[in-house]
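Protein chains in written order, with this note's numbering: chain A, 1 to 216; chain B, 217 to 432. Working notes, beginning with the structure itself.
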Ligand SMILES: Nc1ncnc2c1ncn2[C@@H]1O[C@H](COP(=O)(O)OP(=O)(O)OP(=O)(O)O)[C@@H](O)[C@H]1O
Ligand SMILES: Nc1ncnc2c1ncn2[C@@H]1O[C@H](COP(=O)(O)OP(=O)(O)OP(=O)(O)O)[C@@H](O)[C@H]1O
């Protein structure tokens, strides 16, 4: 069981806290805004109203012993930077900070913050690749009639489960695996719900794979 | 060569326009803000100052014939929803909209928008998985002394190139492939720069793979 601190309970911070807790780990949530602290109190292991730029508070919370601290402060770029610097100075080993824009991100990188995140740019790049490459990414020929091919999930698959698409019955296609973000799900269950950007690894007759390939 | 329209030139919209152009496609950028239109004019194929809620403007731009239209308007949730509805009404086939929060996203999904994106939540979930699973994801035993293992890139690899890490010289480990986001790079070049969340597929002596596994 790991211990994390998330500073700033915006949309990113809130989703991060929820997911870390869901994965079975302890999360300390910190925010200056009392309402946000109250809203997260039932989800986070501990929720504290505090100004994260205050070194005394961070030390009192024993934050230096956490597995990682995430600076999820957004619009206030100076608060984000000052908090990140303070965490580094008191000896936090693993600091991840969300950058509000490219300039802010460069400052954080120059400061030696372990990981700097750009959610908007990241998603834009993934969407761009999804929009342009409906082409087959990889193809393995099993015989002149059968193959295995990889392609980004057609748009009309997104949000649907594999059983809803009934590919085996309707197209004689078997989904061997799905790459979703940075994970790979081998032999996905029938209730697996396809997400935007997922890459589907399909086995089937060449003609059916071509049909799959033509769907956008 | 595909044709895309991106409405709203915020951080997400701007990164999307740049990446689509970089990938060799045509992009029409639309924003009400003259400064943002001017700033993107040298990158986008075409940049137009307009209110995207205005059906007459959208029709005049022939937007219904584009391969996809992305609604990247942020804070003004009503403008985002109204623009998405208008695009659907005039017959645009592929509409992708960025949701400002979960409530907004639900409205868009109920409206039948093809793809609804949540950049902050998406990145938070990917970060959460990266933070908790430094454990080996997959392991193939080649012999009692050698194996192939997969793990998320250690934090201190992020941002560095493979040649900087010099894994073959220093640890006798060969990087067979890197999964980055939704793509897989087989036999990556020495100048490949490791990104946050990347999954490394490594071949080497069991003891060295264990050392790699213990790095956080
Ligand atoms: N010094 C500080 N200490 C602790 N929390 C802070 C501090 N400054 C700002 N915050 C909090 O950070 C949170 C996130 O900031 P903000 O809402 O500006 O970011 P955002 O970029 O819109 O976030 P997101 O994109 O994740 O929704 C806010 O709840 C805010 O109260
Ligand atoms: N009706 C409209 N027509 C065209 N553009 C619009 C309209 N309303 C807002 N925009 C533009 O959308 C752009 C993005 O919106 P905004 O900056 O509020 O979003 P954001 O959530 O901060 O974006 P990001 O997270 O991508 O940086 C702005 O440049 C704004 O001028």
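For every residue, glycine included, the Cβ atom is placed at its ideal position computed from N, Cα and C.
Integer-rounded CB distance, given that residue j should sit under 8 Å from residue i
i: residue 326 of chain B; j: residue 290 of chain B; result: The Cβ separation is near 20 Å, so there is no contact.
i: residue 37 of chain A; j: residue 48 of chain A; result: 7 Å
i: residue 61 of chain A; j: residue 86 of chain A; result: Not really, about 12 Å apart at Cβ, beyond 8 Å.
i: residue 20 of chain A; j: residue 288 of chain B; result: Contact doesn't hold; Cβ gap of about 28 Å is too wide.
i: residue 363 of chain B; j: residue 409 of chain B; result: In fact, because the Cβ distance is near 26 Å, the residues do not count as touching under 8 Å.
i: residue 383 of chain B; j: residue 123 of chain A; result: With 8 Å as the limit, residue 383 of chain B and residue 123 of chain A do not qualify as a contact, their Cβ atoms being about 30 Å apart.
i: residue 16 of chain A; j: residue 70 of chain A; result: 6 Å
i: residue 330 of chain B; j: residue 312 of chain B; result: 6 Å
i: residue 181 of chain A; j: residue 397 of chain B; result: 7 Å
i: residue 262 of chain B; j: residue 244 of chain B; result: 5 Å
Cα-Cα separation, residue i to residue j
i: residue 165 of chain A; j: residue 401 of chain B; result: 29 Å
i: residue 209 of chain A; j: residue 203 of chain A; result: 8 Å
i: residue 337 of chain B; j: residue 143 of chain A; result: 42 Å
i: residue 94 of chain A; j: residue 112 of chain A; result: 11 Å
i: residue 226 of chain B; j: residue 346 of chain B; result: 27 Å
i: residue 413 of chain B; j: residue 272 of chain B; result: 44 Å
i: residue 172 of chain A; j: residue 212 of chain A; result: 11 Å
i: residue 260 of chain B; j: residue 294 of chain B; result: 26 Å
i: residue 177 of chain A; j: residue 188 of chain A; result: 6 Å
i: residue 145 of chain A; j: residue 68 of chain A; result: 51 Å
i: residue 52 of chain A; j: residue 82 of chain A; result: 9 Å
i: residue 422 of chain B; j: residue 32 of chain A; result: 48 Å
i: residue 223 of chain B; j: residue 4 of chain A; result: 37 Å
i: residue 41 of chain A; j: residue 25 of chain A; result: 15 Å
i: residue 406 of chain B; j: residue 369 of chain B; result: 16 Å
i: residue 306 of chain B; j: residue 88 of chain A; result: 53 Å
i: residue 357 of chain B; j: residue 367 of chain B; result: 15 Å
i: residue 12 of chain A; j: residue 341 of chain B; result: 9 Å
i: residue 50 of chain A; j: residue 84 of chain A; result: 15 Å
i: residue 292 of chain B; j: residue 1 of chain A; result: 40 Å
i: residue 318 of chain B; j: residue 324 of chain B; result: 10 Å
i: residue 379 of chain B; j: residue 385 of chain B; result: 10 Å
i: residue 411 of chain B; j: residue 161 of chain A; result: 30 Å
i: residue 135 of chain A; j: residue 201 of chain A; result: With a pLDDT of only 47 at residue 135 of chain A, under the threshold of 50, the placement of this residue in the model should not be trusted, and no figure is reported.
i: residue 399 of chain B; j: residue 430 of chain B; result: 25 Å
i: residue 255 of chain B; j: residue 66 of chain A; result: 42 Å
i: residue 100 of chain A; j: residue 199 of chain A; result: 29 Å
i: residue 174 of chain A; j: residue 391 of chain B; result: 30 Å
**Message:** Please identify, using Cβ separations under 9 Å, the residues of the segment 114-132 of chain A that lie next to chain B, in order along the chain.
**Reply:** Those would be 114, 115, 116, 117, 118, 119, 120, 121, 122, 123, 124, 125, 126, 127, 128, 129, 130, 131 and 132, in chain order.
**Prompt:** Which whole runs of the beta strand (DSSP E) in the segment 343-386 of chain B are 3 residues long or more, in chain order?
**Reply:** Complete beta strand (DSSP E) runs here, min 3: 354-357 and 362-368.
**Request:** Starting from the N-terminal side, write out each stretch of the beta strand (DSSP E) that is 3 residues or longer and does not extend beyond the segment 61-121 of chain A.
**Result:** Runs found: 68-71, 95-98 and 115-117.
**Request:** Please list the residues of the segment 230-244 of chain B that have a C-beta atom closer than 7 Å to any C-beta atom in chain A, keeping them in chain order.
**Result:** 231, 232, 235, 236, 239 and 241
**Prompt:** Can you list, in chain order, the stretches of the alpha helix (DSSP H) that have 4 or more residues and sit fully within the segment 240-282 of chain B?
**Reply:** 250-256 and 271-276
**Prompt:** If you measure beta-carbon to beta-carbon, which residues of the segment 74-93 of chain A are closer than 8 Å to chain B?
**Reply:** Per Cβ criterion, the list is empty.
**Request:** Taking only beta carbons into account, state which residues of the segment 185-196 of chain A come closer than 7 Å to chain B, listed in chain order.
**Result:** 196
**Residues, ordered as in the chain, of the segment 369-385 of chain B that lie near chain A by beta-carbon distance below 9 Å** = Under the 9 Å Cβ criterion, the segment 369-385 of chain B contributes 371, 372, 374 and 375.
**Request:** Please name the residues in the segment 94-115 of chain A whose beta-carbon is closer than 9 Å to at least one beta-carbon of chain B, in chain order.
**Result:** 94, 96, 98, 100, 101, 102, 109, 114 and 115
**Message:** At a CB distance below 7 Å, what residues from the segment 245-258 of chain B approach chain A? Give them in sequence order.
**Reply:** none
**Request:** Identify each residue in the segment 44-57 of chain A for which the Cβ-Cβ distance to at least one residue of chain B is less than 9 Å, and report them in chain order.
**Result:** none
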